Amino acid sequence: MAIGLEEKTSRTANPAQRKFICIPISVFQVNQNSQVDLYLKIEGNQSPVLYRSAAIPISSRDIEELRRNGHRALCVASSDFSRLDRALNESLHEVLANQEIPPAERFAILQTAAAMEMDIAFHMIKCDRIVTMSQRIAKHITSLLNGEHLVPQQLFAVVQHDYYTYTHVINVAGFATLLADLLGFSDPKLKEQITIGALLHDIGKRFIPSSVLCKENKLTEEEWQLIKSHPQRGFEDLCERIDLTQEQLLMVYEHHERFDGKGYPVGLVGEEIHTWARLLAVVDVFDAVTSARPYRKPMSLSQSLNYLESNSGSHFDPEMVQCWVSAMKLT
Numbered sequence: 001m002a003i004g005l006e007e008k009t010s011r012t013a014n015p016a017q018r019k020f021i022c023i024p025i026s027v028f029q030v031n032q033n034s035q036v037d038l039y040l041k042i043e044g045n046q047s048p049v050l051y052r053s054a055a056i057p058i059s060s061r062d063i064e065e066l067r068r069n070g071h072r073a074l075c076v077a078s079s080d081f082s083r084l085d086r087a088l089n090e091s092l093h094e095v096l097a098n099q100e101i102p103p104a105e106r107f108a109i110l111q112t113a114a115a116m117e118m119d120i121a122f123h124m125i126k127c128d129r130i131v132t133m134s135q136r137i138a139k140h141i142t143s144l145l146n147g148e149h150l151v152p153q154q155l156f157a158v159v160q161h162d163y164y165t166y167t168h169v170i171n172v173a174g175f176a177t178l179l180a181d182l183l184g185f186s187d188p189k190l191k192e193q194i195t196i197g198a199l200l201h202d203i204g205k206r207f208i209p210s211s212v213l214c215k216e217n218k219l220t221e222e223e224w225q226l227i228k229s230h231p232q233r234g235f236e237d238l239c240e241r242i243d244l245t246q247e248q249l250l251m252v253y254e255h256h257e258r259f260d261g262k263g264y265p266v267g268l269v270g271e272e273i274h275t276w277a278r279l280l281a282v283v284d285v286f287d288a289v290t291s292a293r294p295y296r297k298p299m300s301l302s303q304s305l306n307y308l309e310s311n312s313g314s315h316f317d318p319e320m321v322q323c324w325v326s327a328m329k330l331t
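Numbering-wise, the sequence shown is residues 1 to 331 according to the UniProt record's numbering.
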């Protein structure tokens with residue numbers, strides 16, 4: 001039996017009845033009395049198994065043992081997540097200011113704490129709440145990552161890779177902040193603007209049914225055209241706002257343009273694509289291919305870097321790819 005699993009019960013999650021959300025272990029380092037049942041994914045098991053019941057707090061020793069055995073996340077039932085979310089948000093400012101917690105782990109905690117509110121905001125008719133929230137989260141992200149000499153692989157190791165829209169955009173925002181720093185963006189205000197743009201880049205997906213976004217089978221031509229509409233729809237949703245810059249709007253509009261001109265929605269070529277959008281394209285695809293999707297397994301880190309390099313100069317700006325790949329190979 002895997003480490004720490006409760007032997008007094010044979011309760012297991014029934015995938016037909018329950019859905020689970022995977023949470024980085026770092027979250028439980030600061031919220032040890034989570035008051036929710038915790039589950040663990042075990043190789044060979046179709047569904048997570050009970051690791052610790054709500055009545056038994058998880059200890060720092062438990063967390064270290066989980067890490068030694070290669071576990072990066074615990075799972076909670078979707079129905080329990082709101083309880084964990086409330087507890088985490090109550091202590092969030094204290095956690096983010098705690099210098100004893102490594103910045104990458106604080107980022108993972110921020111990602112988890114923001115998940116529910118981000119999900120709610122993405123389903124609202126108006127974009128006001130998601131813009132305001134993105135501006136607030138961006139301040140946290142840039143504050144966490146600025147001047148910490150954090151290598152991207154450290155961040156990659158702790159974030160969630162499930163490709164929910166709200167998970168994806170926070171990952172991409174963190175990666176974009178690091179890449180901007182690597183490319184020499186030294187002005188904190190500009191980096192914060194890039195981070196906000198990254199958080200908003202997929203806002204147009206709010207207008208696309210989840211049945212299309214999460215479809216496991218091949219998309220029809222009509223569905224593919226609907227998917228391809230999200231950059232323009234996101235741009236149109238945001239273009240009249242006075243609290244966003246033209247550069248941020250171009251991140252939303254141009255992040256699916258390709259360096260060789262074969263992207264969408266316009267087919268811009270090379271440096272016709274805004275620098276911030278070219279930066280975003282690299283980390284957007286990097287997070288997408290390393291995340292689990294309904295229709296495919298995630299690429300490994302090495303596979304994803306090979307993919308970026310093989311598409312350098314065609315899909316991506318070669319300078320952006322070289323910078324990101326070189327940084328990701330540092331440990």
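Beta carbons are placed, not taken as given, at the ideal position from N, Cα and C, and that holds for glycine. Predicted, not measured: the structure shown is a model, and the values here were computed from it.
Take residue i as the anchor and find which of the options has the nearest alpha-carbon.
i    : options                : result
D119 : E319, R258, R206       : R206
E272 : M124, L199, M251       : M251
R278 : S26, H93, G263, C22    : G263
L144 : T167, Y166, H168, A173 : A173
R136 : C323, A114, N306       : A114
L40  : Y166, P298, R67        : R67
D162 : I23, H274, N89         : I23
H149 : N31, I194, P103        : P103
A73  : I63, S82, F81          : I63
F81  : P318, A97, E247, E117  : E117
L38  : G44, K126, S79         : S79
Have a look at residue i and residue j and give me their C-alpha separation to the nearest angstrom.
i    : j    : result
K189 : A54  : 43 Å
A121 : L110 : 16 Å
E100 : E94  : 11 Å
V49  : V36  : 14 Å
T220 : V285 : 22 Å
S186 : A176 : 14 Å
V289 : S47  : 23 Å
S91  : L244 : 30 Å
M320 : V282 : 7 Å
A16  : E223 : Only weak support exists for where A16 lies, its pLDDT of 38 falling under 50; the value from the coordinates is given anyway. Distance between the alpha carbons of A16 and E223 is about 28 Å.
I208 : V158 : 29 Å
R52  : N31  : 14 Å
I3   : R61  : For I3, the predicted structure reports a pLDDT of 38, less than 50, and the residue's modelled location is therefore unreliable. A value from the coordinates is still provided. Distance between the alpha carbons of I3 and R61 is about 12 Å.
N217 : S314 : 27 Å
L301 : S326 : 13 Å
C127 : G44  : 42 Å
In the DSSP assignment, what are the bridge partners of residue i?
i    : result
C127 : Note: C127 sits in no beta bridge, so no partner.
V27  : None, per the DSSP bridge assignment.
A73  : P24
R83  : Answer by DSSP bridge pairing: none, since R83 is not bridged.
R293 : R296
F316 : S312
Are residue i and residue j touching if we call contact CB-CB under 7 Å?
i    : j    : result
P231 : G267 : no
C323 : L178 : no
F20  : C75  : yes
S34  : A108 : no
A138 : I58  : no
S134 : L199 : yes
T142 : E105 : no
H201 : H140 : no
F316 : F259 : yes
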